[in-house]
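Enquirer: This structure is in structure tokens; I'll ask about it shortly.
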Amino acid sequence: MPSFPLLSIITFLPLVGVLIIMLFAKSGDNQACSVKLSKAVALITSLVTFVVSLGILCYFNPSDSSFQLMERYVWIPSFNIAYIKGVDGISLWFVLISTFLTPICILSAIGGVKKRVKEFMIALLVLETMMIGMFTALDFVLFYLFFEGVLIPMFLIIGIWGGEKRTYAAYKFFLYTFLGSVLMLVAIFAMVLHVGTTDMTAMMGGKFPMQMAIWLWLAFFMSFAVKTPMWPFHTWLPYAHVEAPTAGSVILAGVLLKMGGYGFIRLSVQMLPEASHYFAPLVMVLSLVAIIYTSLVALAQTDMKKLIAYSSVAHMGFVTLGIFSLNQQGLDGAMIVMISHAFVSGALFLCVGVVYDRLHTREISRYGGMANNMPHYAFMFMIFMLGSVGLPGTSGFVGEFLSLQGAYLANSWYAFIAALGVILGAAYMLWLYRRLFYGPLEKADVKAMPDLNLREYAMFVPLVIFVFWIGIYPATFRDMFAPTVNKIIQDYQAQIKDSTHE
Amino acid sequence: MLPLDVLVVFLPLFGAFIAGMFGRKIGDRASQIVTCACLLVAAGISIKLFNDVALQGHVIDRTLLHWFDSGAFTVNWALHIDTLTAVMLIVVNGVSSMVHLYSVGYMGHDKSIPRFMAYLSLFTFFMLMLVTSNNLLQMFFGWEGVGLASYLLINFWFEKDSANKAAIKAFLVNRVGDFGFVLGIFGCYLLFGSVEFGGMFAKAKEVASTDFIFLGHTLPALTTVCLLLFVGAMGKSAQLGLHTWLPDAMEGPTPVSALIHAATMVTAGVFMVARLSPIFEYAPNALMVVAIVGALTCIVAASIGLTQFDIKRVIAYSTMSQLGYMFFALGVSAYSAAIFHLMTHAFFKALLFLGAGSVIHALSGEQDMRKMGGIWRIIPFTYAYMWIGSLALAGIGIDGVFGMAGFYSKDLILESAVGTHEWFGVLAYWLGICAAFMTAFYSWRLIILTFHGKPRADHHTMEHAHESPWIMLGPLVPLAIGAIFAGWYAWDWFGGEDRNAFWGNAIFELPSHDPIEAAHHVPEWEKWFPLGVAVPGILLAYVFYWWKPELPGKVASALGGLYRLVYNKYYFDELYDFLFVRTSLRLGQIFWKTGDDGIIDRFGPDGFAATAVRIAQRASALETGYVYHYAFAMVIGVAAFVTWFWIKS
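Line order of the protein sequences matches chains Y and V. Every letter in the first sequence is one number past the one before it in my numbering, and letter 496, counting from 1, is 496. One rule links them: number in my numbering = place in the second sequence (from 1) + 502.
Structure representation (structure tokens):
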């Protein structure tokens, strides 16, 4: 246990960068200079944040399944609200993913964003603070503030730096996620009133009567189902992705979608185990629909960002499938799918960004034959495609396999149908790859595109390493969250046993 | 110095890495040298390991790294080399090293030589991981890995539309098989509590009669699991129903067809069932299905082979048909015979493919046999190789004296099948006999059409026709020697008295099943029958294509619909296209346009948004142009409302 508030430092470090940019990068006097400065400051801040966040790994004891690095300050004593932070094996990874992906996004934005660069960098850094804050918050008020706070910079990123239909996309994004949040807020109020404190750790382990738990669960479900997103609450995602600038898409796919999965684990399963048990079949069925339905829709796409967005929905189907298998393999699988998806789909959006920056179109048919003139790019894209397809040896396989196995142990039908989605997953990705990279290189503007530059390499190489690392030796990751997952499952089973005895 | 068993697997990966990552820097020649050298060393080690493991009986087990670890589910990266693996090592590294060398010549004028060599070596690595696995999951890693390499190599000339299509088709059809494989792995875990072979095999007898619930039905567990795994084998080994990708895979360069789509990858399914013999033995119904599928594949593929004109497709259907033989051998528990045929087939089929490659090379890329002919004097070595390969494929030989490689292994399979006296064994025997007749016929049809008669290629092509360079002809020598002598030399291990000592614990047969022994006791005429149909098959080919060349057309038109059915490969492609491909695409469109846009959005956010905008316009006093203000107001409003409600109740 460090003598300093490590989690708070990580959470608010990006804001220091924001402060520096605001103070020193005056947009008035020297435009080019201020742009350069804000780029540099943002990159350095995010890198420092990442390095500091690795400190969590030093202080974290993986064999301990409880919350660690706890910070607890009285905040609003009259309402019994405290500032509580802490991580366990689950949230630890989401914090690290956030701090890892942010510098990569800034790298991509350095090349991709042309207008109001300074403000963009500020938005990204604020977003990082919100994300880390959300994953480390253990007080409900704090959690809710950050959970909602994430929306603001993301909404701005889509609404200001987005494509042509950005207003519609931003609005839709906002409407959906906000509607979910409202219901969540209601549920939080009810829970706080019932337990008498806002401390989230005090809520865990079946504190609520079944009748109430069912309503609470449904309210949370609405919120997380939108965030994840689950079918049929997914239609905001393709628009948001299509219109968002590359960096926005990467964060959206890499971190924001994981808020749904994280919420399901932390709030639904841990706090409302009996209701989770009760509703598990519903979630499983919706997950299966998501996997098959969105995979088929992905087959029909002509816009590559939309295609990858739909594939995200399908992959998140494996996450909810794993979580609500409610067994060790399922939850392990869901965690690894989430970690893997953060890298793989983040990388795929970066890949789209690479050619979008050059040709300014996402229409698949505008490309073709790029394996000829951009072999390095084709190679990178191939690796991430294989990760997405779930080829053994890549990160995608480990997670998908375990969550399918968890589903199989719950009911073989689940695994049977979900595994059909694995076939479709290969179909849409291979077909996308073929249309982009194979065939003759005929179009002049495509022919003129240069291969990856150094900046783009710097974005991709770390991601490639993780795709193989997780695929070949997942123990590095799994050992950190396994005791927590184990405890969650044990607590859950104890609760279910108790309630069936009564 | 790394241990030999590690080297044998990872040397090809090293070669692939060097050629793939640095090929552009070090150049074509260096890439060729590195990959070929790695493979030749690996092939040498394979022989050494074969001696240590199969002949001396020192089984190797080595754990490399943790892989999966979730609850009770643990899997390691590991190397397990027993006799079965040792045989596969010889086949894989032996054929692969020759194909590497051959490719130096065959692909000599290609613009992406390092990429080609890297893919070949990468394929070899995955195949080696597959055969050295000690668990189902690592096998699956190799399994999908060879699928990837196959995809990349079929698509090697990626500017060709037909190659793109064939590659995707191969990957997806295999994925359908892998769908079964994965479910089988889950079933194994549920049933045995482990997916490592040692743990599974120890419990096989115990769980032989248990039932489990699968898809809502109570089914005999072991049979279900075996059949699911067999679906995987069907995909990879192109068995009837999941075979449609194999002929199309011929779009790839010919060395690829020889290595992947004849000698090694497509035999992975055979290897898998043999490897899992300790559990298949306790699932007799699953074995019966294996035998029937194998026998049907054998005859259907042979019949299609009669009618095709593309030289590579003829050999591809022949491969599929021979794989059918191997599967029905497995189905009657003659694992030894199946692996025997796998081994001999690897030699003569690689020889035939590489020979065909030499023909294609000589004729400037022509693959249609109707445009060949009259070239046997120009390419005499290739011609001789094709004869050797065809004689081995047709299984020519005299019992008790000497025979070509295929003679020993194919006869052992047929005799094992009929020796079981099970109805499906006898059925397989008769279908196998018919297929043997067809095999002989299409093989000599190929030889005569390709090499004899008047030249049908255009003037320009004939002028350039030339024998291949030594770098292509040289690597065929070991394969030709194998095609001639492998059966005779290895007979004692696979079919003779030494077989139990040779195999050790690598394959398992119930004591009540000993098909190889039964094979030695079948009546004399059943032993002579395979040869008795092969010779007339050859003669008939001469009648059709040498003495009376007008006959094939007449027969074809006389058969009419039947001929068209066979010529169009029983319309499998059209059927699948209609059932699966178009349905998926149509469903995708419907879900997207009608589902997402038409229903979810219309009644969801868009409808809501429209209403919200209307309300907002009316309440213009609150309008600040900033969505967040509405939102905040909503939160406060809802929160207050609910709090009030809650306190009141």
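Built from N, CA and C at the ideal position, the CB exists for glycine as well. Only a predicted model underlies this, so the values are computations on that prediction, with no experimental measurement involved.
#1: Identify the residues that DSSP records as bridge partners of asparagine 637/V: which are they?
#2: Can you list, in chain order, the residues of its chain with a C-beta nearer than 6 Å to that of alanine 298/Y? Leave out the 5 residues immediately preceding and following it.
#3: Report the residue from Tyr83/Y, Phe50/Y, Ile76/Y, Val35/Y whose alpha carbon sits nearest the alpha carbon of valine 95/Y.
#4: Let me know if tryptophan 1030/V comes out buried or exposed under the rule of 16 or more other beta-carbons within 10 Å of its beta-carbon.
#5: Using only the alpha-carbon positions, how far apart do proline 14/Y and tryptophan 413/Y sit?
#6: Quick one: grab the DSSP three-state call for serine 1122/V.
#7: Any contact of the segment 169-180 of chain Y with the segment 221-238 of chain Y, i.e. 3+ C-beta pairs under 8 Å?
#8: Compare the C-beta of asparagine 637/V with all C-beta atoms of chain B and state if any pair is closer than 8 Å.
#9: Identify the contact partners of tryptophan 431/Y in chain V, using a Cβ-Cβ distance below 7 Å as the criterion.
#10: At what residue ranges does the segment 290-370 of chain Y contain a whole run of the alpha helix (DSSP H), taking only runs of 4 or more?
#11: For the beta strand (DSSP E) containing glycine 86/Y, list its first residue and its last residue.
#12: Within 10 angstroms of its Cβ, does serine 3/Y collect 16 or more other Cβ (buried), or is it exposed?
#13: Run through the DSSP bridge pairs and tell me what glutamine 68/Y is partnered with.
#14: Can you list the residues of chain V that proline 440/Y reaches, using a CB-CB cut of under 7 Å?
#15: Taking only beta carbons into account, state which residues of the segment 320-337 of chain Y come closer than 8 Å to chain V, listed in chain order.
#16: Over the uninterrupted alpha helix (DSSP H) stretch that includes histidine 568/V, give me the two end residues.
#17: Quick one: list the residues of chain Y neighbouring valine 606/V, beta-carbon separation under 7 Å, in chain order.
#18: Give the residues of chain V in contact with isoleucine 423/Y, contact being defined as C-beta atoms less than 9 Å apart.
#19: Under 8 Å, do leucine 351/Y and phenylalanine 384/Y count as touching if we go by C-beta distance?
#20: Is alanine 1020/V helix, strand or coil when you go by DSSP?
#21: Please give the ranges of any beta strand (DSSP E) in the segment 895-956 of chain V, keeping only runs that are unbroken, at least 3 residues long and fully inside the region.
#22: Which first and last residues belong to the alpha helix (DSSP H) in which tryptophan 1094/V is found?
#23: Indicate the three-state DSSP secondary structure (helix, strand or coil) for histidine 376/Y in the structure shown.
#24: Is there at least one Cβ from chain V nearer than 8 Å to proline 5/Y's Cβ?
#25: Could you give the distance in angstroms between the alpha-carbon of glycine 596/V and the alpha-carbon of leucine 622/V?
#26: Going by Cα to Cα distance, which pick from Thr99/Y, Ala448/Y, Ser108/Y is closest to threonine 129/Y?
#27: Counting only beta-carbon separations shorter than 8 Å, does serine 412/Y have a partner in chain V?
#28: Compare the C-alpha of phenylalanine 401/Y against each of Leu638/V, Phe552/V, Asp612/V and name the closest.
#29: May I have the straight-line CA-CA distance separating glycine 695/V from proline 483/Y, to the nearest angstrom?
#30: So that I know if they touch, is there some Cβ in chain V lying closer than 8 Å to that of alanine 415/Y?
#31: Can you find a C-beta in chain V that's less than 8 Å from the C-beta of proline 2/Y?
#32: Quick check on lysine 258/Y: buried or exposed, where buried means 16 or more other Cβ atoms within 10 Å of its Cβ?
#33: Please identify the residue among Arg815/V, Phe575/V, His568/V, Pro1051/V whose C-alpha is closest to the C-alpha of leucine 581/V.
#34: Output the boundary residues of the alpha helix (DSSP H) element that contains phenylalanine 575/V.
#35: Given a threshold of 16 other Cβ atoms within 10 Å of its Cβ, counted over all protein chains shown, does threonine 136/Y qualify as buried or as exposed?
#36: In terms of residue numbering, what span does the beta strand (DSSP E) encompassing proline 232/Y cover?
Expert: The answer reads as follows:
#1: Glu698/V
#2: Leu307, Tyr310, Ser311, Tyr428
#3: Phe50/Y
#4: exposed
#5: 46 Å
#6: With a pLDDT of only 44 at serine 1122/V, under 50, the local geometry of the prediction cannot be trusted, and the value read off the model is given with reservation. Helix, per DSSP.
#7: yes
#8: The chain labelled as chain B is not found among the protein chains of the depicted structure, namely Y and V.
#9: Ile670
#10: 304-323, 328-359
#11: 81-87
#12: exposed
#13: Val87/Y
#14: Glu661
#15: Asn327, Gln328, Gln329, Asp332, Gly333
#16: It is not in any alpha helix (DSSP H) - histidine 568/V instead sits in the beta strand (DSSP E) that spans 562-572.
#17: Ordered by position in chain Y, no residue passes the 7 Å Cβ test against valine 606/V, which lies about 22 Å from the chain.
#18: Leu674, Arg677, Val678, Asp680, Phe681
#19: The sequence given here places cysteine at residue 351/Y; leucine does not occur at that position. Yes; because the gap between Cβ atoms is below 8 Å, this pair is in contact.
#20: helix
#21: none
#22: Per DSSP, tryptophan 1094/V belongs to no alpha helix (DSSP H) and is neither H nor E.
#23: helix
#24: no
#25: 13 Å
#26: Thr99/Y
#27: yes
#28: Leu638/V
#29: 21 Å
#30: yes
#31: no
#32: buried
#33: His568/V
#34: Taken as a continuous stretch (DSSP letters only), phenylalanine 575/V belongs to no alpha helix (DSSP H), being part of the beta strand (DSSP E) at 575-583.
#35: buried
#36: From DSSP, proline 232/Y is part of no beta strand (DSSP E); its letter is neither H nor E.
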